[in-house]
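**Student:** Under numbering that gives the first Met the number 0, the residue at position 35 of the sequence shown is numbered 34, and the numbers go up by one with no gaps.
Positions of the beta carbon are idealized from the N, C-alpha and C atoms, including for glycine.
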Amino acid sequence: MTRRTRRGQSLVEYVLGISVIAIGLAAGFVAFGDGVRDVFHNVRTTVQKPYP
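(1) Helix, strand or coil for residue 31? Go by DSSP, reduced to three states.
(2) Roughly how many angstroms lie between the CA atoms of residue 29 and residue 9, to the nearest whole one?
(3) Which value, in whole angstroms, describes the spacing of the CA atoms of residue 40 and residue 31?
(4) Just the Cα atoms here: how many angstroms apart are residue 17 and residue 7?
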């Protein structure tokens, strides 16, 4: 019985770790969304200049 409880605990810890990473990524996209969008737009226009 103790082994099953430990296995369930490690699964919950794994899922919580994944959710923390996902929330961190989502917060990063929200915080830096406009800046990142401008960078990608600049790169796209720079690449498209020689190839109209």
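**Tutor:** Here's the rundown:
(1) The residue given as residue 31 occupies position 32 in the sequence shown. Coil.
(2) As a working note, residue 29 is residue 30 in the sequence shown. As a working note, residue 9 is residue 10 in the sequence shown. Taking the straight line from one Cα to the other gives about 30 Å.
(3) The residue labelled residue 40 in the question sits at position 41 within the sequence shown. The residue labelled residue 31 in the question sits at position 32 within the sequence shown. Residue 40 and residue 31: Cα-Cα distance of roughly 14 Å.
(4) Position 18 of the sequence shown, counting from 1, holds the residue named residue 17. Position 8 of the sequence shown, counting from 1, holds the residue named residue 7. If I take the Cα positions, the gap works out to 16 Å.
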